[in-house]
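Asker: Below is a structure I'd like to ask you about.
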Amino acid sequence: MKDVHAMPPERGPLRLRSVGLSGIRKPLVVQRPERANTLTVEFRVAVDLPSNRKGSDLSRNAEILAEIVDETAFRPVDSLETACSTIARELLARHAYASEALVAGSAEYFLPKGISETKRSFEDYTLVAEARARRGDDGSVSLLRAVGAEAVGMTACPCAMETCRDALTREYPRLADAEFASLPMITHNQRNRTRLVFELDGAAGVEVDEVIDAIEASQSSPTYAILKRGDEGRVVLDAHRHPKFVEDVLRDLLASLPERFPDLPDSTVVRAHTVSEESIHKYDVEASHALTLGEIRRTIVA
3 MKDVHAMPPE
13 RGPLRLRSVG
23 LSGIRKPLVV
33 QRPERANTLT
43 VEFRVAVDLP
53 SNRKGSDLSR
63 NAEILAEIVD
73 ETAFRPVDSL
83 ETACSTIARE
93 LLARHAYASE
103 ALVAGSAEYF
113 LPKGISETKR
123 SFEDYTLVAE
133 ARARRGDDGS
143 VSLLRAVGAE
153 AVGMTACPCA
163 METCRDALTR
173 EYPRLADAEF
183 ASLPMITHNQ
193 RNRTRLVFEL
203 DGAAGVEVDE
213 VIDAIEASQS
223 SPTYAILKRG
233 DEGRVVLDAH
243 RHPKFVEDVL
253 RDLLASLPER
263 FPDLPDSTVV
273 RAHTVSEESI
283 HKYDVEASHA
293 LTLGEIRRTI
303 VA
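Take any residue in the sequence shown, count from 1 to its spot, add 2: that is its number in our numbering.
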């Protein structure tokens, strides 16, 4: 049978950085110290394509996913990024013509949390992981892993808050005192989505639960599945006591990382992205940044 994929392309020699499959959903069993989690993961798997090939052998990608991920039903892996790393290495092993492989996975992730111990529920988050494998000229394979999470919380706008305070002070002059100035004020709110990802070298690792804690601490307030009326008031007050722009969320998150992750090396690259879904505007507001932990540590010390 003629191997059309191995034929030269009609449009001339041009290497493609990434060709693969996306949107493949698989159940992955992850064994954590306290419990086993079955994650429903959406995978993207791809390799580069050299200039002398018309196409990539895509069925191999699906076969590799089935073999490695399905096996976790009997032998769980310790993390999503471990599974991605194993898949990335196997992609290079079975695509002899490729020099780079990318595997990315995202999954719903649940943690038992709540506004109080008596009102805990399984709160949902997004777990993300990546693995990039590269084949060197000598045939050796290097691996770069990334792991992170996304959490949904809320922010309260500090600009509108002070604008409302000034307007009410002018309307009701008796409120212009120090006590009134220290109280949280009405403002518009946003649903905030923040993602934090660490690029890891060697044996370095992070616990995704700690990543989620860092994100939620940077928002005006976490949000919860179970809230009674009094709890709703508490969340609103907490958020309005910590009004933040997306810029504040991003800076507070990044500045907290050296203390939260003291054992990660300075070379660790951090990628953060936050978006506030606006309530009174017809657009959303976002901010993002990428830098190393060493750069953050030097900035914080300075």
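Every residue gets a Cβ at the ideal spot worked out from N, C-alpha and C, and that includes glycine.
Predicted model only: the values in this text are computed from it and were never measured.
From Ala180 to Cys161, what distance separates their C-alpha atoms?
Answerer: 19 Å
Asker: Is Gly296 helix, strand or coil by DSSP?
Answerer: Residue state, collapsed to three classes: helix.
Asker: Taking C-beta to C-beta, are Met163 and Gln192 nearer than 8 Å?
Answerer: no
Asker: When we look at the beta-carbon of Thr270 and count the other beta-carbons within 10 Å, is it buried (16 or more) or exposed?
Answerer: buried
Asker: Give the DSSP-derived three-state secondary structure of Arg147 in the structure shown.
Answerer: The answer is strand: DSSP assigns Arg147 an E or B state.
Asker: In whole angstroms, give me the CA-to-CA distance for Leu145 and Gly116.
Answerer: Taking the straight line joining both Cα atoms gives about 37 Å.
Asker: Work out the CA separation of Thr165 and Leu177 for me, nearest whole Å.
Answerer: 14 Å
Asker: How big is the Cα-Cα spacing for Arg71 and Pro114?
Answerer: For clarity, residue 71 is Val in the given sequence; the question names Arg instead. For the pair Val71 and Pro114, the Cα-to-Cα distance works out to about 26 Å.
Asker: Looking at Glu132 and Ala151, is the spacing between their C-beta atoms short of 8 Å?
Answerer: No, they are not a contact pair.
Asker: For Glu44, which residues from the same chain have a beta carbon less than 6 Å from its beta carbon, with the 5 sequence-adjacent residues on both sides left out?
Answerer: Arg27, Ser108
Asker: Note down the Cα distance separating Asp215 from Val272, rounded to an integer number of angstroms.
Answerer: 16 Å
Asker: How big is the Cα-Cα spacing for Ala103 and Ala241?
Answerer: 43 Å
Asker: Cutting at 8 Å between CB atoms, please list the residues of its own chain near Glu1, excluding the five before and the five after it.
Answerer: In this structure the chain extends from 3 to 304, so residue 1 is not present and cannot be described.
Asker: With distances taken Cα to Cα, identify the nearest neighbour of Leu82 among Asn63, Arg46, Arg55, Ser101.
Answerer: By alpha-carbon distance to Leu82, the top candidate from Asn63, Arg46, Arg55, Ser101 is Arg46.
Asker: Please tell me whether Thr189 and Ser220 are closer than 8 Å, where the distance is taken between their beta carbons.
Answerer: Taking 8 Å as the Cβ cut-off, Thr189 and Ser220 do not qualify as a contacting pair.
Asker: List in chain order: all unbroken alpha helix (DSSP H) runs of 4+ residues lying wholly within the segment 130 to 181.
Answerer: 160 to 173
Asker: Use the C-beta contact count for Phe124: other C-beta atoms within 10 angstroms, 16 or more gives buried, fewer gives exposed.
Answerer: exposed
Asker: Below 8 Å between beta carbons: does that hold for Leu67 and Gly22?
Answerer: no
Asker: From the DSSP output, in three-state form, read off Thr120 for me.
Answerer: DSSP, reduced to helix, strand and coil, places Thr120 within a helical segment of the structure shown.
Asker: For the alpha helix (DSSP H) containing Ile26, name the first residue and the last one.
Answerer: Careful: Ile26 lies outside any alpha helix (DSSP H), inside the beta strand (DSSP E) at 18 to 33.
Asker: Taking the beta strand (DSSP E) that Val271 belongs to, which residues open and close that run?
Answerer: 271 to 279 is the span of the beta strand (DSSP E), which, as asked, contains Val271.
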